[in-house]
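Trainee: Just so you know, the protein sequences line up as chains A and B, in that order.
Numbering-wise, this note's numbering comes out as the position in the first sequence, counting from 1, plus 150.
Numbering-wise, this note's numbering comes out as the position in the second sequence, counting from 1, plus 150.
Glycine included, each C-beta is placed from N, C-alpha and C at the ideal position.
As the structure is a prediction and not an experimental result, all values here were calculated from the model.
Protein chains: 2
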Amino acid sequence: MLQRAAKQRTAQSPATIYDIAALAGVNASTVSRALTKPGRVSAKTQKKIEDAAAQLNYQANPFARALPTGKTNTVGLIVSDITNPAYFDVIRGAEGAASARDYTLLLAESAESAQTELLAAKRIMTTVDGIILASPRLADEQIRELAKKKPVVVINRMVEEVGCVVADVQPGVTEAVRHLATLGHESLAYVAGPDRSWMSGHRWDSIRGRCEWSGLRVRKFGPGTPTVDGGREMAAAIRESGATGIICYNDLMAIGLMQELQSAGVRIPAEFSIVGFDNIFGSDFTTPPLSTVKSPLRETGATALTLILAELAASIEPGRADDSALRAEAAKLATELVIRGSSGQHSPAAL
Amino acid sequence: MLQRAAKQRTAQSPATIYDIAALAGVNASTVSRALTKPGRVSAKTQKKIEDAAAQLNYQANPFARALPTGKTNTVGLIVSDITNPAYFDVIRGAEGAASARDYTLLLAESAESAQTELLAAKRIMTTVDGIILASPRLADEQIRELAKKKPVVVINRMVEEVGCVVADVQPGVTEAVRHLATLGHESLAYVAGPDRSWMSGHRWDSIRGRCEWSGLRVRKFGPGTPTVDGGREMAAAIRESGATGIICYNDLMAIGLMQELQSAGVRIPAEFSIVGFDNIFGSDFTTPPLSTVKSPLRETGATALTLILAELAASIEPGRADDSALRAEAAKLATELVIRGSSGQHSPAAL
DNA sequence: CAAACTTTGGCAACCGGTTGACAAAACCAA
DNA sequence: TTGGTTTTGTCAACCGGTTGCCAAAGTTTG
Chain A
151 MLQRAAKQRT
161 AQSPATIYDI
171 AALAGVNAST
181 VSRALTKPGR
191 VSAKTQKKIE
201 DAAAQLNYQA
211 NPFARALPTG
221 KTNTVGLIVS
231 DITNPAYFDV
241 IRGAEGAASA
251 RDYTLLLAES
261 AESAQTELLA
271 AKRIMTTVDG
281 IILASPRLAD
291 EQIRELAKKK
301 PVVVINRMVE
311 EVGCVVADVQ
321 PGVTEAVRHL
331 ATLGHESLAY
341 VAGPDRSWMS
351 GHRWDSIRGR
361 CEWSGLRVRK
371 FGPGTPTVDG
381 GREMAAAIRE
391 SGATGIICYN
401 DLMAIGLMQE
411 LQSAGVRIPA
421 EFSIVGFDNI
431 FGSDFTTPPL
441 STVKSPLRET
451 GATALTLILA
461 ELAASIEPGR
471 ADDSALRAEA
481 AKLATELVIR
491 GSSGQHSPAA
501 L
Chain B
151 MLQRAAKQRT
161 AQSPATIYDI
171 AALAGVNAST
181 VSRALTKPGR
191 VSAKTQKKIE
201 DAAAQLNYQA
211 NPFARALPTG
221 KTNTVGLIVS
231 DITNPAYFDV
241 IRGAEGAASA
251 RDYTLLLAES
261 AESAQTELLA
271 AKRIMTTVDG
281 IILASPRLAD
291 EQIRELAKKK
301 PVVVINRMVE
311 EVGCVVADVQ
321 PGVTEAVRHL
331 ATLGHESLAY
341 VAGPDRSWMS
351 GHRWDSIRGR
361 CEWSGLRVRK
371 FGPGTPTVDG
381 GREMAAAIRE
391 SGATGIICYN
401 DLMAIGLMQE
411 LQSAGVRIPA
421 EFSIVGFDNI
431 FGSDFTTPPL
441 STVKSPLRET
451 GATALTLILA
461 ELAASIEPGR
471 ADDSALRAEA
481 AKLATELVIR
491 GSSGQHSPAA
501 L
C-alpha cells in the first residue's frame, strides 16, 4: 500500500500486459504470445496488440519475465581490479558485444582478493545468465563449482572443463625475445606479477621456453604487485641482477620499473631495454614510449561474451555443438610486439 | 519442461523458501519473515529456519523478491564513453560504494550519443532502483522525464529538479589561471570539448570569469572531440592564435594537443604552457608530465551512488529530508591544480 | 454441406518470493 | 481459572509475466 502510494507519487505505474489486453480486447496470454512468439497469433490481433502496446508505452517487466523463465538477459563481469587500465578494454569489448545483442553487463570487482571474488560471484550468480571472470584469483576447483550452476567463461587463464579466452602469447613473446636478442641483450629478466595470476606464470613459461630455445640466459624476479608501484619496487633487484633485457608481467609494472630506474639516473634504453605486456592506454605516453606485447583486450572481452551466449544457446538447444567455430575465433586472438622507444641497442659503454 | 530438465542437467535447482519451510517444519511465509523482518519471529523458530537455510545453501531469488517489492538492489550507471579513462575512477567509486552496501552496479555506455543514451536508460530503467548518468548528452527535459520514474543522479552537470554531483571547478580554475599568469602568459586559450557537454561550457564560463577578473585575454577554441585525437586537431589553430597559456577541456585533449605541438617542433613548456582537466591515469607519464586541474572523480562516483540511495530511502520514508548532509558532502568535492612539467616559465626568446 | 484439420485465443497454473488479515498459541495479571 | 494482551504462525492474494492444455473459430477437402 505504502509502496503503491509511493510508486504513484513518483510515477504512474508502468503498463502491463493486462493493460494492453484490456485495451486491445484480448486475453493477457494472447498479448504475451503476440509479443514473444512470432507467428503464434493472427496478423490482425498482432497489430491491435502492438498498437496498444505502443500507445501505452509498454515495456516488459524483466523480473516478471525472469521469474518463470530464469533468463535475465544479463551477463556478469568480474574483474580483479577496476583500477587496472588493461581491463578498460576488456570491459569495453564485453559491453559492446552485450548491448549489440540486447544484453546488459553487470560489473563487479574482486579487489585482487579470492574471497571477495567468490562473494561477488555468488551475489550476482542468481541475477545473471552467465559470468565472465577476468583474471580470476579463485582456485580452479572453485571456478568449476561456479560453472556447474551457470555458464562461466574465464579470461586470461586456462581452467579445464570451463570456457576460456586466452590470447596466444607465443607470437608476441617470440618477437619480444628475438627483438631483445637482436639488440644485443644476452641476459634477460622477467618481472613476475602475483603468484595467484595464472597469466603471469603462463607468460613466464613462454618466455623461458623461448629463451632456452635461443640460448639466452633469463631469470625471474618477483612475485610482485601488478601495479606501477609494484614495478618500482623491483628496480633495485633488476639493477643488481646483471640482466639488461627486461620483460615485465604487464605495462603498469614496466612503467613503474622504468620510472624508478630513470629517477636513479639509469638511461633507457641504452642501459636497459624494457618491454611490457598489454599495450594499455598511456603506455605510449612515457618517455621513452613503452615497447610492449600487445594483447587484443577488447576482442578478448567481446569473445568471452560471445562464448557465454553460445553456451547459453547450447544448453537450451543441446544439438548444435558449434564450439569449434568459437574456438577458432578465440584462436585468432594473437599477441604481437609493439616496438617503441623503451627497447633499443644495448650500449652501456656510451655512458 | 525442457527448461526444467536443462536446469537439472547443469545444476540442482536452488533451494526456495518452501524447501526451507518443509525442512524446518513451518510455513513458507514464516520463513520469509524470519529472513527479512528481524524480530517478527520467535528466536527459536528463527534459529531453526536459519539452520535449515544454511544447510540448503539458500540464496533468495532476486527476481521473485523484486517482483512484488519493485526493489532490485541494483543501480545503473551510464557513461558517455567507456574508453575515456576519466570515467574509470567514477565507475570505481560508484562500484565501491555500491558493493559496500550490498548493491550491484549495472554498467552501460552511450557512445557519446543522446539517442543511444536514452535507449540504454530505458532498457535498464526497469531493472534498477536508480540511475546515475555520467556526463549525459540528453536534454534537461529528457533527464527530468527519466527522473519522474526512478531516482536519477547526474554527474558533471547541473539539471534542475534532479540530483547532481558536480565538483566545484572554481578553486582549481582560479589556481590554474593564476598559475599561468604568474608564468608570464598574457593571452590564454580554452580548448573546448563537445557542445553537448555541459561541463565543457561550465569550465569555460569559470575560466573566462577568472580571466576577466585578472585582466587576462582569453579565447575559446572548439568545440572538439574530447579525445587525444580531438586535441591533436586543435594544435594548428592554437599555434596560430597567439595564445600561449592553454587550458584544455580534459586531459585527453591536452595530451593530444601537446603531442601534436611537440611533433611540430614546439617546445613545451617554453613556448606554450598546457593545463588539462581531470588528472586521469597516465597524465603524469607524458613528457613533460601534464599539469592538470584534478577532479575528485572517484569521490564523485561514490557520492552519486550515495545520493541515489538517499533518494530511495527518502521515497520510502518521506519524513527525513537529510539532503542537506549530502549536499554538504557533495560540496566538499573541490578541484585543485596539480602542477607538473607541461606548464612553466614563458620563454619563447630562449629559442 | 459435413467431416477433418488447422489456427487462434482463453483459461488457469506456475515461477518464488512478500504481506495484510486473521486465528491460534503463549503469556500475563488479577 | 478467567479474561485480556501480545506474540507467533498460517492462509491466501498478489507482483507480471509464460505456457500447456483445450475449445472455439476458421479453413480445407471430399
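Indicate whether at least one CB of chain A lies closer than 8 Å to the CB of B:LYS272.
Mentor: Yes, its Cβ sits closer than 8 Å to a Cβ of chain A.
Trainee: Return the chain-ordered ranges of every alpha helix (DSSP H) run that is complete within the segment 317–391 of chain A and spans a minimum of 4 residues.
Mentor: 319–332, 348–364, 378–383 and 385–391, all fully within the segment 317–391 of chain A.
Trainee: Which class does A:ILE167 belong to by DSSP, given the choice of helix, strand or coil?
Mentor: A:ILE167 falls in the helix class under three-state DSSP.
Trainee: Chain B partners of A:GLN495, CB-CB under 9 Å?
Mentor: Residues of chain B passing the Cβ test: none, with the nearest at roughly 21 Å.
Trainee: Quick one: residues in its chain with C-beta nearer than 8 Å to the C-beta of A:SER465, no 5 flanking neighbours on either side, listed in chain order?
Mentor: Answer for A:SER465: PRO301, listed in chain order.
Trainee: Nearest to A:ASP379 by alpha carbon, out of A:ASP401, A:SER364, A:GLU390 and A:VAL425?
Mentor: Considering only alpha carbons, the answer is A:ASP401.
Trainee: Using a cut-off of 7 Å between C-beta atoms, extract the partners of B:GLY432 located in chain A.
Mentor: The contacting residues are PHE431, GLY432 and PHE435.
Trainee: Spatial neighbours of B:VAL416 within its chain, please: CB distance less than 8 Å, with the 5 preceding and 5 following residues excluded, ordered by chain position.
Mentor: These residues qualify, in order along the chain: ARG389 and PHE422.
Trainee: Under 8 Å, Cβ to Cβ, is there at least one residue of chain B near A:SER492?
Mentor: Not closer than 8 Å to any Cβ of chain B, the Cβ of A:SER492 fails to qualify, so no.
Trainee: Could you have a look at B:LEU227 and say whether DSSP puts it in helix, strand or coil?
Mentor: In the structure shown, B:LEU227 sits in a strand (DSSP, three-state: E or B).
Trainee: Rounded to a whole number of angstroms, what is the C-alpha to C-alpha distance between B:ALA342 and A:ALA204?
Mentor: In a straight line, the C-alpha of B:ALA342 is about 40 Å away from that of A:ALA204.
Trainee: Against chain A, which members of the segment 200–218 of chain B pass a CB distance test of less than 7 Å?
Mentor: Answer in chain order: GLN209, ASN211, PRO212, PHE213, ALA214, ALA216 and LEU217.
Trainee: Return the residue from the list B:GLY334, B:GLY374 and B:ALA317 that minimises the CA-CA distance to B:SER356.
Mentor: Among B:GLY334, B:GLY374 and B:ALA317, the Cα nearest to that of B:SER356 is on B:ALA317.
Trainee: Can you give the beta carbon distance from B:GLY381 to B:ILE405, rounded, assuming they're within the 8 Å contact cut?
Mentor: Sure, about 6 Å apart at Cβ, within 8 Å.
Trainee: Please list the partners that B:LEU257 has in chain A, where partner means a Cβ-to-Cβ separation under 9 Å.
Mentor: Result: LEU227, ILE241, GLU245, THR254, LEU255, LEU256 and LEU257.
Trainee: Just the Cα atoms here: how many angstroms apart are A:THR266 and A:ASP231?
Mentor: So the alpha carbons of these two residues sit roughly 11 Å apart.
Trainee: Could you pull the DSSP bridge partners for B:PHE427 from this structure?
Mentor: In the DSSP output, where bridge partners are listed per residue, B:PHE427 has B:VAL443.
Trainee: Using a C-beta to C-beta distance shorter than 8 Å, which residues of chain A count as neighbours of B:PHE238?
Mentor: The answer, in chain order, is ILE232, THR233, PRO235 and PHE238.
Trainee: Taking the beta strand (DSSP E) that B:VAL315 falls in, what are its first and last residues?
Mentor: Counting along the chain, the beta strand (DSSP E) containing B:VAL315 begins and ends at 313–315.
Trainee: Are A:ALA202 and A:ALA174 closer than 8 Å when you measure CB to CB?
Mentor: In contact: A:ALA202 and A:ALA174 (Cβ atoms closer than 8 Å).
Trainee: Who are the Cβ neighbours of A:LYS157 in its own chain at under 7 Å, not counting the five residues just before and after it?
Mentor: Residue placement at A:LYS157 is poorly supported in this model, since its pLDDT is 34, which falls under 50; the coordinates still yield a value, given next. Within the same chain, A:LYS157 has close Cβ partners SER163.
Trainee: Return helix, strand or coil for B:ALA258, following the three-state DSSP convention.
Mentor: Here B:ALA258 sits in strand by DSSP.
Trainee: Assign A:GLN409 to buried or exposed, taking buried as 16 or more other Cβ atoms, counted over all protein chains shown, within 10 Å of its Cβ.
Mentor: Flag for A:GLN409 reads buried.
Trainee: Hey, how far is the Cα of B:TRP354 from the Cα of B:CYS361?
Mentor: B:TRP354 and B:CYS361: Cα-Cα distance of roughly 10 Å.
Trainee: Answer yes or no: does any C-beta atom of chain B fall closer than 8 Å to that of A:SER249?
Mentor: Chain B contact via Cβ: present.
Trainee: Touching or not, the segment 245–258 of chain B and the segment 304–321 of chain B, by the rule of three or more beta carbon pairs under 8 Å?
Mentor: Short answer: they don't touch.
Trainee: Could you tell me the alpha carbon to alpha carbon distance between B:THR456 and A:LEU283, rounded to whole angstroms?
Mentor: Answer to the nearest angstrom: the Cα atoms are 27 Å apart.
Trainee: Just list the residues that DSSP pairs B:VAL176 with in beta bridges.
Mentor: Paired residue(s): none; B:VAL176 is not in a bridge.
Trainee: Report the residues of the segment 385–409 of chain B with a CB closer than 9 Å to any CB of chain A, ordered along the chain.
Mentor: For the segment 385–409 of chain B, which is checked against every Cβ of chain A, the residues closer than 9 Å are ILE405 and GLN409.
Trainee: Ignore the nearest five residues each way along the sequence and tell me which others in B:ARG324's own chain have a CB closer than 8 Å to its CB.
Mentor: Note that residue 324 of chain B corresponds to Thr in the displayed sequence, not to Arg. ARG360.
Trainee: Counting contacts by CB-CB distance shorter than 8 Å, is A:THR375 in contact with chain B?
Mentor: Chain B contact via Cβ: absent.
Trainee: Answer with buried or exposed for A:GLU259, where buried requires no fewer than 16 other C-beta atoms within 10 angstroms of its C-beta.
Mentor: The residue in question, A:GLU259, is buried, as its Cβ has 16 or more Cβ neighbours within 10 Å.
Trainee: What residues in its chain sit with their C-beta under 8 Å from that of B:PRO498, if we drop five residues either side in the sequence?
Mentor: Within the same chain, B:PRO498 has close Cβ partners THR394, ALA420 and GLU421.
Trainee: In whole angstroms, what is the alpha-carbon distance linking A:ARG183 and B:PHE435?
Mentor: Rounded to whole angstroms, A:ARG183 to B:PHE435 spans 57 Å at the Cα level.
Trainee: To the nearest angstrom, how far is the alpha carbon of A:LYS194 from that of A:GLU200?
Mentor: When rounded, the distance between both Cα atoms is 10 Å.
Trainee: Quick one: what's got a C-beta closer than 6 Å to B:VAL315's C-beta in the same chain, skipping five residues either side?
Mentor: Here the set comprises ILE305, THR450, THR453, ALA454 and ALA480.
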